[in-house]
Amino acid sequence: DGGITQSPKYLFRKEGQNVTLSCEQNLNHDAMYWYRQDPGQGLRLIYYSQIVNDFQKGDIAEGYSVSREKKESFPLTVTSAQKNPTAFYLCASRKSGDISNQPQHFGDGTRLSIL
Amino acid sequence: AQKITQTQPGMFVQEKEAVTLDCTYDTSDPSYGLFWYKQPSSGEMIFLIYQGSYDQQNATEGRYSLNFQKARKSANLVISASQLGDSAMYFCAMREGGISSGSARQLTFGSGTQLTVLP
Numbered sequence: 001d002g003g004i005t006q007s008p009k010y011l012f013r014k015e016g017q018n019v020t021l022s023c024e025q026n027l028n029h030d031a032m033y034w035y036r037q038d039p040g041q042g043l044r045l046i047y048y049s050q051i052v053n054d055f056q057k058g059d060i061a062e063g064y065s066v067s068r069e070k071k072e073s074f075p076l077t078v079t080s081a082q083k084n085p086t087a088f089y090l091c092a093s094r095k096s097g098d099i100s101n102q103p104q105h106f107g108d109g110t111r112l113s114i115l
Numbered sequence: 001a002q003k004i005t006q007t008q009p010g011m012f013v014q015e016k017e018a019v020t021l022d023c024t025y026d027t028s029d030p031s032y033g034l035f036w037y038k039q040p041s042s043g044e045m046i047f048l049i050y051q052g053s054y055d056q057q058n059a060t061e062g063r064y065s066l067n068f069q070k071a072r073k074s075a076n077l078v079i080s081a082s083q084l085g086d087s088a089m090y091f092c093a094m095r096e097g098g099i100s101s102g103s104a105r106q107l108t109f110g111s112g113t114q115l116t117v118l119p
């Protein structure tokens with residue numbers, strides 16, 4: 001079945017360490033997104049990419065980096081510059097084009113905690 | 001100013017009854033879309049229903065319907081015949097920009113409403 005796979009499900013980071021969250025989709029979607037969710041709150045956009053080799057900052061990009069070398073993959077690196085990385089991270093993708101009713105489809109998320 | 005406001009942090013409903021989850025939005029763009037997602041405790045986001053700003057009819061999807069009042073900028077989700085499995089966090093989200101706007105089509109989410117269905 002087509003879908004979005006995020007790994008790992010749980011991730012622990014030591015102080016000063018970079019960690020990378022994986023997001024893979026086999027939906028043939030052009031656009032991909034990374035969101036951060038803090039407890040009891042909504043989702044905030046970190047980065048998004050509309051096509052391969054192109055990405056833009058979202059509302060809270062500081063301390064994060066991404067790459068989009070393949071259509072299927074959009075990994076997120078949480079760098080040591082992100083001082084409060086403990087959160088739930090969700091990856092999403094969307095069919096391209098200007099059909100406005102196309103929803104974003106989400107993965108199951110990665111929970112990142114500081115050791 | 002908040003673009004999406006969900007004023008009910010928590011709601012309770014009796015099984016088999018209907019419940020309305022409130023959502024108001026703020027935009028000056030004439031072309032926009034409104035989405036509702038369900039997030040169970042396991043964390044995944046499940047798309048429920050969509051309403052476009054130019055849609056003449058209120059959207060419906062099975063037990064979900066959207067009470068769209070454009071002049072009041074509200075897009076409330078109505079769940080009919082609530083089931084125990086409906087207990088979850090519900091998020092309203094908006095995408096601004098039409099075909100000519102060149103927008104990136106990202107979603108702006110509200111803070112969510114935690115719905116609990118009581119047996």
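Those protein sequence lines, which keep their order, are chains A and B. At position 103 of the first sequence the residue is numbered 103 (the working numbering), and the sequence of numbers has no breaks. At position 45 of the second sequence the residue is numbered 45 (the working numbering), and the sequence of numbers has no breaks. Cβ atoms here follow ideal geometry from the backbone N, Cα and C, with glycine treated the same way.
Member of A:Leu115, A:Ile114, A:Ser113, A:Gly109 whose CA lies at the smallest distance from the CA of A:Ser22: Taking the first sequence and counting its residues from 1, one reaches residue 22 of chain A at position 22. Nearest option by C-alpha distance: A:Gly109.
Given a cut-off of 8 Å on the beta-carbon distance, is the pair B:Gln8 and B:Thr113 in contact? By one-based count along the second sequence, residue 8 of chain B stands at place 8. By one-based count along the second sequence, residue 113 of chain B stands at place 113. Cβ atoms of B:Gln8 and B:Thr113: closer than 8 Å.
Quick one, which of A:Leu45, A:Thr79, A:Ser96 has its alpha-carbon nearest B:Gln106's? In the second sequence, the residue the question calls residue 106 of chain B occupies position 106. Per the Cα distances, A:Leu45.
Using the C-alpha atoms, what's the distance from B:Gln14 back to A:Lys57? Along the first sequence, one-based indexing puts residue 57 of chain A at 57. Along the second sequence, one-based indexing puts residue 14 of chain B at 14. Those two C-alpha atoms are separated by around 43 Å.
Report yes if the CB atom of A:Ala87 is closer than 8 Å to the CB atom of A:His105, and no otherwise. As a working mapping, residue 87 of chain A is identified with position 87 in the first sequence. As a working mapping, residue 105 of chain A is identified with position 105 in the first sequence. No, these two residues do not count as a Cβ contact at 8 Å.
Look up B:Leu21 in the DSSP assignment and say whether it is helix, strand or coil. Taking the second sequence and counting its residues from 1, one reaches residue 21 of chain B at position 21. It is a strand residue.
Contact residues within the segment 58-76 of chain B, judged by C-beta distance below 7 Å to chain A: none
For the segment 58-71 of chain A against the segment 18-36 of chain A, do three or more pairs of beta-carbon atoms, one drawn from each stretch, fall closer than 8 Å, so that the two count as touching? yes
Separation of B:Lys16 from B:Thr116, as counted between CA atoms: Locating residue 116 of chain B in the second sequence gives position 116, where the first residue counts as 1. Locating residue 16 of chain B in the second sequence gives position 16, where the first residue counts as 1. Approximately 12 Å between the Cα atoms of the pair.
Counting only beta-carbon atoms, is A:Gly109 nearer than 8 Å to chain B? Looking up residue 109 of chain A in the first sequence gives position 109. It does; some Cβ of chain B falls within 8 Å.
Does A:Gly2 come out as helix, strand or coil in the three-state DSSP assignment? To locate residue 2 of chain A, count along the first sequence from 1; it is residue 2. A:Gly2 falls in the coil class under three-state DSSP.
Cβ of B:Gln69 within 8 Å of Cβ of B:Ala59? In the second sequence, the residue the question calls residue 69 of chain B occupies position 69. In the second sequence, the residue the question calls residue 59 of chain B occupies position 59. Not a contact, by the Cβ cut-off of 8 Å.
Closest to A:Thr5 by CA distance: which of A:Gly107, A:Ser113, A:His29 is it? Working through the first sequence from its first residue, we reach residue 5 of chain A at position 5. The candidate whose alpha carbon is nearest that of A:Thr5 is A:Gly107.
I'd like to know if A:Tyr117 contacts chain B, where contact means its C-beta is closer than 8 Å to some C-beta of that chain. The displayed coordinates of chain A run from 1 to 115. Any statement about residue 117 of chain A would go beyond what the structure contains.
Rounding to the nearest angstrom, what Cα-Cα distance links B:Gln56 and B:Phe35 in this structure? In the second sequence, the residue the question calls residue 56 of chain B occupies position 56. In the second sequence, the residue the question calls residue 35 of chain B occupies position 35. If you take the alpha carbons of B:Gln56 and B:Phe35, they lie about 16 Å apart.
Based on Cα-Cα distance, which residue from B:Ala18, B:Gln39, B:Tyr32 lies nearest to B:Tyr54? On the second sequence, residue 54 of chain B is found 54 positions in, with the first residue counted as 1. When each option's Cα is compared against that of B:Tyr54, the closest is B:Tyr32.
Quick one: grab the DSSP three-state call for B:Gly33. For this step, residue 33 of chain B is matched to residue 33 along the second sequence. Strand.
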